[in-house]
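For the sequence shown, full-length UniProt numbering begins at 1 and goes up steadily by one. So the structure is just underneath, and the comments pick up after that.
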Amino acid sequence: MGTDGGGWTVKQRRVSASDLYKSWAEYKAGFGDEQNFWLGNKKIFALTGSWGYRLRVDLTAVGGATKYVISAVCSRRGE
Numbered sequence: 001m002g003t004d005g006g007g008w009t010v011k012q013r014r015v016s017a018s019d020l021y022k023s024w025a026e027y028k029a030g031f032g033d034e035q036n037f038w039l040g041n042k043k044i045f046a047l048t049g050s051w052g053y054r055l056r057v058d059l060t061a062v063g064g065a066t067k068y069v070i071s072a073v074c075s076r077r078g079e
């Protein structure tokens, strides 16, 4: 992702009204296609093994308005 200097990993993307009601196993493994997906808890856990990560959330409303927020510190825990 080239936003804000690049180096971002997209964990979730939802372009259309896709079904996100999934089991824990599906969220762990990841699911979806190029337009609508969840990367997967297992992959996200592996990617964030050390400190020093920032979380950026970008939102686009149906009308096209956009907002984003960046969290300075992001940590993770196991299952």
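Cβ atoms here follow ideal geometry from the backbone N, Cα and C, with glycine treated the same way. Quick caveat, the model's predicted, so the values are computed rather than measured.
Please go through the same chain and pick out, in chain order, the residues whose beta-carbon is closer than 6 Å to the beta-carbon of residue i, but skip the five residues on each side of it.
{"i": "Lys28", "result": "Asn41, Lys42"}
{"i": "Phe14", "result": "Position check: residue 14 holds Arg in this sequence, whereas Phe was assumed. These residues qualify, in order along the chain: Asn36."}
{"i": "residue 87", "result": "Because residue 87 is not part of the residues shown, which for the chain are 1 to 79, the question remains open."}
Please list, in chain order, all residues of the same chain as residue i whose beta carbon is under 7 Å from its beta carbon, the five residues on each side excluded.
{"i": "Thr9", "result": "Leu47"}
{"i": "Gly63", "result": "none"}
{"i": "Phe31", "result": "Lys22, Phe37, Trp38"}
Buried or exposed for residue i, please, with buried defined as at least 16 other CB atoms from any protein chain shown within 10 angstroms of its CB.
{"i": "Trp38", "result": "buried"}
Just to confirm, is the Cβ distance from residue i to residue j under 7 Å?
{"i": "Ser71", "j": "Leu59", "result": "no"}
Enumerate in chain order the residues of its own chain whose CB-to-CB distance from residue i is below 8 Å, with the five nearest sequence positions on each side excluded.
{"i": "residue 131", "result": "What the structure shows of the chain is the stretch from 1 to 79, and residue 131 is not part of that stretch, so it cannot be assessed."}
Enumerated in chain order, which unbroken segments of the alpha helix (DSSP H) with a length of 4 residues or greater are wholly contained in the UniProt domain "Fibrinogen C-terminal" (1-79)? 24-29, 41-47
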